[in-house]
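**Q**
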Amino acid sequence: MSRLINWFEIPATDFERAVSFYEAVFSIRLTRETFGSGQMAIFPYADPATGGAVCCMENYAPGDSGVIIYLDGGDDLAAPLERVWASGGKVLVPKTLITPEIGYFALFQDCEGNRIGLHSLH
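Just so you know, this note's numbering puts the end of the sequence shown at 126, numbered straight through with nothing missing.
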């Protein structure tokens with residue numbers, strides 16, 4: 005097994021709102037795809053990195069009590085956390101030091117109600 009996590013999906017009920025939220029927070033463009041009756045917007049990645057997407061599909065429901073995924077917050081969590089507020093999300097746990105060797109984390113709630121983590125070395 006080369007990596008334990010191969011893919012992640014962030015559920016959305018308002019697909020366009022959720023895609024706009026993540027594009028604004030991370031200053032990126034997601035690639036929109038249609039799979040059957042569902043929609044996905046794929047985060048940019050290159051192998052061997054783990055890929056993932058915002059998904060609007062039958063039986064997918066946003067929530068704040070399940071597994072937490074931690075996304076790369078870049079060089080400093082301050083910038084994406086500011087964009088969380090500006091894009092309609094809420095910061096649940098501000099930038100917090102784990103240890104100097106591990107870096108920092110933060111938690112936010114996206115516009116769909118999902119709890120998402122951020123990690124950065126600085």
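Positions of the beta carbon are idealized from the N, C-alpha and C atoms, including for glycine.
These numbers were taken from a predicted model, which means no experiment stands behind them.
Could you compute how far the alpha carbon of Gly-40 sits from the alpha carbon of Glu-105?
**A** For Gly-40 and Glu-105, the distance between alpha carbons rounds to 44 Å.
**Q** Could you give the distance in angstroms between the alpha-carbon of Gly-117 and the alpha-carbon of Leu-96?
**A** Whole-angstrom Cα-Cα distance: 11 Å.
**Q** Do you know offhand how far Glu-86's Cα is from Ile-9's?
**A** Answer to the nearest angstrom: the Cα atoms are 28 Å apart.
**Q** Among Gly-107, Pro-66, Ser-91 and His-123, whose alpha-carbon lies nearest the alpha-carbon of Thr-17?
**A** Here the closest residue by C-alpha is Pro-66.
**Q** Where does the unbroken beta strand (DSSP E) through Tyr-74 begin, and where does it stop?
**A** Per DSSP, Tyr-74 belongs to the beta strand (DSSP E) from 74-76.
**Q** Rounded to the nearest angstrom, what separates Glu-20 and Val-58 at their Cα positions?
**A** Taking the straight line from one Cα to the other gives about 10 Å.
**Q** With DSSP collapsed to three states, give me the class of Arg-36.
**A** In this structure, Arg-36 counts as strand in the three-state DSSP scheme.
**Q** State yes or no: is the C-beta of Gly-121 within less than 8 Å of the C-beta of Ile-73?
**A** In this structure, Ile-73 lies closer than 8 Å to Gly-121 by Cβ.
**Q** How is Phe-47 classed by DSSP in three states: helix, strand or coil?
**A** If DSSP states are grouped into helix, strand and coil, Phe-47 belongs with coil.
**Q** Do His-126 and Asp-79 have their C-beta atoms closer together than 8 Å?
**A** Yes, these two residues count as a Cβ contact at 8 Å.
**Q** In terms of residues, what are the limits of the beta strand (DSSP E) holding Leu-8?
**A** Counting along the chain, Leu-8 falls outside any beta strand (DSSP E), and DSSP gives it neither H nor E.
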